Amino acid sequence: MNPKVQRKIEHLENIERFPAEELFEFIQLNKEDELLDLGAGTGYISFAFAKYVKNVVAFDYDEDILQYLEMKAKEKGITNIEITAANFKEMPLENERFEKAVASISLHEVQPLSIVLDEIHRVLKDKGIFLCIELEKSEVPTVPTGPRVSSNEMKEEIVKAGFSVIDTFHSPTQVANQPVYIIIAQKNK
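Residue numbering for the sequence shown follows the working numbering, starting at 609 and increasing by one per position.
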């Protein structure tokens, strides 16, 4: 394996993460659901959710990372994870395919945000649920943190994309010593 890819995998596998199991209290899963894991990375969301749904599409722009995820799925005997590598702004996925979509700490990287939210709206079925987990933007940044989107900005963009915001939570769990928010939204018809 390419040493650069290996270092990225090691970094992704060792960073502090929002525990995927904690997300179960925010989203009701059904054995017939198809779930989109947007920004899947090494698959920590995909693996946690796969046992509760019919199919998970692990979506990421990084083909090397997705190959690693696919290898891990085979090692674990998980057969209901499908990998798709592409740009977030032009998802090669069918309209209204998914009942649920999860984006965990990945949307802050995409500009303009409206394009990817429009794509999530397009691939979700009517009344589909979108779970957005992101790092809160600090009003007074003490340490450079890279791009961030505040929970208020994210809610505004989600509503503009055709969703209703059901709820917003500011989790006591932090990722890399940064506050995390969770937005639960539902696709409007």
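No residue lacks a Cβ here, since even glycine has one placed at the ideal position from N, Cα and C. Predicted model only: the values in this text are computed from it and were never measured.
Task: Within 8 Å, strictly: CB atoms of Lys697 and Val731 - done: Judged by beta-carbon spacing, Val731 lies beyond the 8 Å limit of Lys697, meaning their Cβ atoms are not closer than that value.
Task: Secondary structure of Ala711, DSSP reduced to three states - done: In this structure, Ala711 counts as strand in the three-state DSSP scheme.
TODO: Could you please give me the residues that DSSP links to Leu743 through a beta bridge?
DONE: Val788
Task: Straight-line gap, Asn663 to Glu690 (C-alpha atoms, nearest Å) - done: 7 Å
Open item on the list: Taking its Cβ as the centre, do 16 or more other Cβ atoms sit within 10 Å of Glu702, making it buried, or is it exposed?
Closed with: Glu702 is exposed by the Cβ-count criterion.
Open item on the list: Among Ile737, Pro787 and Pro780, whose alpha-carbon lies nearest the alpha-carbon of Glu704?
Closed with: Ile737
- [ ] Out of Thr776, Gly770, Ser779 and Phe777, point me to the one whose CA is closest to Lys795's CA.
- [x] Distances from the alpha-carbon of Lys795 to those of Thr776, Gly770, Ser779 and Phe777 put Gly770 closest.
Open item on the list: I'd like to know whether the C-beta atoms of Glu727 and Pro755 end up nearer to each other than 8 Å.
Closed with: no
TODO: Please state if the CB of Leu743 and the CB of Ile788 are separated by a distance shorter than 8 Å.
DONE: A small correction: the amino acid at residue 788 is Val; Ile does not occupy that position in the sequence shown. Closer than 8 Å, so yes.
Open item on the list: Please tell me whether Leu739 and Ile673 are closer than 8 Å, where the distance is taken between their beta carbons.
Closed with: At the C-beta level, Leu739 and Ile673 stay beyond 8 Å of one another.
Task: Neighbourhood of Phe777 by C-beta distance below 6 Å, restricted to the same chain and skipping five residues each side - done: By the criterion of a C-beta distance shorter than 6 Å, Phe777 is surrounded in its chain by Ile790, once the five residues flanking it on both sides are discounted.
TODO: Going by DSSP, name the residue or residues bridged to Ala793.
DONE: Phe738 and Val773
Open item on the list: Below 8 Å on the Cβ atoms is my contact criterion, and I expect Ala666 with Gly651 to pass it. Report the Cβ-Cβ distance as a whole number of Å.
Closed with: 6 Å
Open item on the list: Can you find the residues in the same chain that come closer than 8 Å, C-beta to C-beta, to Lys639, ignoring five residues on each side of it along the sequence?
Closed with: Tyr660, Val661 and Lys662
Task: Bounding residues of the alpha helix (DSSP H) (the contiguous stretch that carries Asn760) - done: Ser759 to Lys768
TODO: State yes or no: is the C-beta of Ala709 within less than 8 Å of the C-beta of Pro700?
DONE: Cβ distance not < 8 Å, so Ala709 and Pro700 don't count as in contact.
Task: Distance between Phe655 and Ile766 (C-alpha atoms, nearest Å) - done: 26 Å
Open item on the list: Restricting to Cα atoms, I'd like to know which of Lys797, His729 and Ser779 is closest to Glu633.
Closed with: With distances taken between Cα atoms, Glu633 lies closest to Ser779.
Open item on the list: Beta-carbon within less than 7 Å of Asp641's beta-carbon, same chain only, minus the 5 sequence neighbours each way: which residues are those?
Closed with: These residues qualify, in order along the chain: Val661, Lys662, Glu707 and Lys708.
TODO: Mark Asp775 as exposed unless 16 or more other C-beta atoms lie within 10 angstroms of its C-beta, in which case mark it buried.
DONE: exposed
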